[in-house]
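Counting in the working numbering, the sequence shown runs from 13 upward without gaps.
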Amino acid sequence: MAPGFRRQPAAPMSAASPPREKAPPFWVLSTYFAEGFPYSLVRQISTVFFRDHGASLEAVGMTSLYGLPWVLKFLWAPLADAFATKRRWLLGAESALAAAALALAAGSALANPLAVASVLFLITAFLSASHDIAIDGYYLEALDRKDQARYVGYQAMAYRLALIAGGGGIVWFSGAAGWSPAFLLSAAVLAGLMVYHLLFLPKVEEPRRPISDLARWAASPKRLLWVAGAALLLLALRGLWLLAPVAAAGRALQPYLAKVGAPGWITLGLLSALLLLLANLPRLRRRLAASDSFYARAFIDYLDQPRIGVILAFLVLYRSGEAFLLAMVYPMLKDIGIDRAQYGLIYGTLGIGASIAGGILGGHLIGRFGLRRVIWPLVLAQNLPNLFYMVLALIYGGLIGHPGRGTANLTVVALFVILEAFGAGNGTAVFLVFIMRTCKPAYRAAHMSLATSVMNVASTLSGVLSGFLAHWLGYAAFFGFTFIATIPGMALIFFLPHLDEEKGLTTAP
13 MAPGFRRQPA APMSAASPPR EKAPPFWVLS TYFAEGFPYS LVRQISTVFF
63 RDHGASLEAV GMTSLYGLPW VLKFLWAPLA DAFATKRRWL LGAESALAAA
113 ALALAAGSAL ANPLAVASVL FLITAFLSAS HDIAIDGYYL EALDRKDQAR
163 YVGYQAMAYR LALIAGGGGI VWFSGAAGWS PAFLLSAAVL AGLMVYHLLF
213 LPKVEEPRRP ISDLARWAAS PKRLLWVAGA ALLLLALRGL WLLAPVAAAG
263 RALQPYLAKV GAPGWITLGL LSALLLLLAN LPRLRRRLAA SDSFYARAFI
313 DYLDQPRIGV ILAFLVLYRS GEAFLLAMVY PMLKDIGIDR AQYGLIYGTL
363 GIGASIAGGI LGGHLIGRFG LRRVIWPLVL AQNLPNLFYM VLALIYGGLI
413 GHPGRGTANL TVVALFVILE AFGAGNGTAV FLVFIMRTCK PAYRAAHMSL
463 ATSVMNVAST LSGVLSGFLA HWLGYAAFFG FTFIATIPGM ALIFFLPHLD
513 EEKGLTTAP
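This is the structure we're talking about:
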């Protein structure tokens, strides 16, 4: 039996023989590499591909809409819980992704490939988001809580390596050999991962319903009416937008609406919908008792847990300080004389390495000592380094707007960036483990997708407000504010459930 799978616990070790640290099963690395690689195809490589083929800056900017499937994936995540198994969804998605990469290889050989490629990248985005659902759900099915915590840092490492392989390696190869060979290589990587998982990925769950039932479920009159209603609503909204008064108001608000972006508005809409469901939870619970709707139950079941209001607030607020900080780090470092190449070395290499190390250490500590015992040291390690950037702004504030006065000390900047990235890795381990513990056994994939969508609210709001606040407060006060913004999330720790190990949840349902 492969290490790390959820089975009945063995007898406890004696005090004289402390538990050995286990290496993660290789599938933890291979699946999260497989999760990150197609994401890099869609979010990193697509922008280079479009620009390389002469697309306008406006068209390149529109590639940000390829991020919508990751925001919307909670809508179809319950299907992975209800039909077949997470393993089968994972293998199916990887097969389809390899086929999509082959199609991109063929499409990129056309004389004018942009129209075909734009559709294929969108299809790849939906497949990749669905693949994420299956992988996250499988991880929760296959591992007990201690190992889920212990290996979160390895998740991040494999995912980051995939982004480097895609955004760096595939892009470099496209420059040397052309886009068609580059996409063929991508297809080979995805096909190789699929074959490995087909042969070696363990079977850890039994299907609730056969996959053949999915087509019948999707084609039911009720579902078709919902799709038709959604299409009519979109057409009505488009017609409303074309009305002169509405169009004029839209043009006036466009700069502010664009700052939030379509993914941001969807995220805010999701949070609003969850709060509305929460307000009507008792009535919805009574209606679901007489219903067999697994789809609705997946969402209501997430809200039907102790202190759900505290949980939702924590998901929104926990990373708010970091979200504000990340939006303004590069502008501040640029203003104190750090050029793009230096920033890439410090943040893109040393910072990523420190973040991975912090995540691995944080996961190890949570797995060994429990979340309650280590949450405060790890959270403070994430949030206190925000003040390092305030110190940088105070020390080198005289350089801002005066490039002739010199540049900041690169060693000092690198040290502060490494410490902040290491702390961020610690904090990410806490957050991922907590999110996993809010996922109920019957709907692991759906709940994981729902929680990760809610957590994006902070980054949505920070993208709108950070520039205004930095301009108004100045860099030093702004980075001081980013630490203050972490205090509400830290205060909620005193009221959080799921910090202790819960018995009875270590075996599959």
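We treat Cβ as the ideally placed atom computed from N, Cα and C, and that holds for glycine.
I'd like to confirm the pairing. Which residues does DSSP put opposite residue i in its beta bridges?
| i | result |
| --- | --- |
| F95 | R221 |
Specify the secondary structure class of residue i as computed by DSSP and reduced to three states.
| i | result |
| --- | --- |
| V258 | The pLDDT assigned to V258 is 46, lower than 50, so where the model puts this residue is not dependable; a value taken from the coordinates is nonetheless given after this. Reduced to three states, the DSSP call for V258 is helix. |
| V442 | helix |
| I182 | helix |
| Y166 | helix |
| V2 | Nothing about residue 2 can be read from this structure; the chain reaches only from 13 to 521. |
| L132 | helix |
| T498 | coil |
| G79 | helix |
| P2 | Shown here, the chain extends from 13 to 521; a query on residue 2 therefore has no answer. |
| R331 | coil |
| G66 | coil |
| A121 | coil |
| D313 | helix |
| F45 | helix |
| I348 | coil |
| S58 | helix |
| L226 | helix |
| D512 | coil |
| A488 | helix |
| P37 | coil |
| S305 | coil |
| P318 | coil |
| A28 | In this predicted model, A28 has a pLDDT of only 43, less than 50, meaning its place in the structure is not dependable; the value taken from the coordinates is given anyway. Reduced to three states, the DSSP call for A28 is coil. |
| W88 | coil |
| M467 | coil |
Apart from the five residues just before and just after residue i, which ones in its own chain have a Cβ nearer than 6 angstroms to its Cβ?
| i | result |
| --- | --- |
| I412 | D347 |
| F507 | V322 |
| L462 | F86 and Y314 |
| A310 | P90, Y455 and A458 |
| Q167 | Y44 |
| G492 | M402 |
| P81 | A137, F138 and A141 |
| M460 | D148 and C451 |
| A227 | none |
Just to confirm before moving on: does the CB-CB distance between residue i and residue j stay below 8 angstroms?
| i | j | result |
| --- | --- | --- |
| V322 | L444 | no |
| V442 | G374 | yes |
| G333 | V391 | no |
| S120 | A129 | yes |
| A497 | F336 | yes |
| S140 | P50 | yes |
| V328 | A436 | no |
| A137 | Y78 | yes |
| L65 | L126 | According to the sequence as given, residue 65 is His; it is not Leu. Yes, Cβ-Cβ distance for H65 and L126 is below 8 angstroms. |
| L362 | I430 | yes |
| N398 | F480 | no |
| M340 | S478 | yes |
| A308 | S192 | no |
| F434 | A366 | yes |
| L152 | Q160 | yes |
| V164 | G371 | yes |
| Y171 | G360 | no |
| A420 | L404 | yes |
| M169 | I378 | no |
Below 8 angstroms CB to CB, which residues in the same chain sit around residue i once its five sequence neighbours on both sides are set aside?
| i | result |
| --- | --- |
| Q56 | L175, G178, G179 and V183 |
| L422 | I350, Q354 and I358 |
| E218 | T97 |
| L202 | A46, F49, P50, E106, L109, A110 and A113 |
Might you give, ordered along the chain, the residues of its own chain that have their beta carbon closer than 7 angstroms to the beta carbon of residue i, omitting 5 neighbours on each side?
| i | result |
| --- | --- |
| A92 | K98, W101, I145, A146, G149 and A457 |
| S198 | L53, A113 and I182 |
| A71 | F62 |
| A94 | R220, R221 and F306 |
| I135 | A112 |
| Y342 | Y355 |
| T75 | S58, T59 and F62 |
| H510 | F446, R449 and T450 |
| Y330 | F443 and G501 |
| G104 | none |
Enumerate, from N- to C-terminal direction, the unbroken alpha helix (DSSP H) stretches of 4 or more residues contained entirely within the segment 382–465.
383–395, 398–407 and 422–449, all fully within the segment 382–465.
Could you tell me which uninterrupted alpha helix (DSSP H) segments, each at least 4 residues in length, are contained entirely in the segment 354–385, listed from first to last along the chain?
Listed in chain order, the complete alpha helix (DSSP H) runs (minimum 4 residues) inside the segment 354–385 are 364–381.
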